[in-house]
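Numbering (this note's numbering), first residue to last: 10 to 112. Glycine included, every Cβ here is placed at the ideal spot set by N, Cα and C. In what follows, a single structure is set out as structure tokens and then discussed.
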């Protein structure tokens, strides 16, 4: 059981999936986090896992305020705005070109 607990610690979960993430820090469209995945279901899960890595548990430490799809220069992006429990808002950009619309 201890092995499984260690696998899902905040910092370990992203490190275990390093191949799933590349690109920037998500602070802008130009610095979007690239999700390296070819299935929508997994790609969306990776997006939310990344946000949990940054800000903690969804619906406890943060909530999604708005999620929108952006098409720019033949690429697809998710723009996710979250509200932290302290009331501040953060926006994270994900390049979802590799998995968008692929089931």
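Alpha carbons only, please: which of 59, 86, 90 and 62 is nearest the one belonging to residue 39? 86
Please classify residue 65 as buried or exposed, where buried requires at least 16 neighbouring CB atoms within 10 angstroms. exposed
Would you grab the beta carbon distance between residue 90 and residue 100 for me? Rounded to a whole angstrom, and I think it's under 8 angstroms. 5 angstroms
Grouping DSSP H, G and I as helix and E and B as strand, with all else coil, what is residue 21? In this prediction, residue 21 has a pLDDT of 45, which is less than 50 and means its spatial position is unreliable; what the coordinates show is noted afterwards. In the structure shown, residue 21 sits in a helix (DSSP, three-state: H, G or I).
For the beta strand (DSSP E) holding residue 35, just list the boundary residues, first then last. That residue, residue 35, is in no beta strand (DSSP E); it is neither H nor E in DSSP.
Neighbourhood of residue 47 by C-beta, 8 angstroms cutoff - its chain only, sequence neighbours within 5 removed: 107, 108 and 111
According to DSSP, is residue 99 part of a helix, a strand, or is it coil? strand
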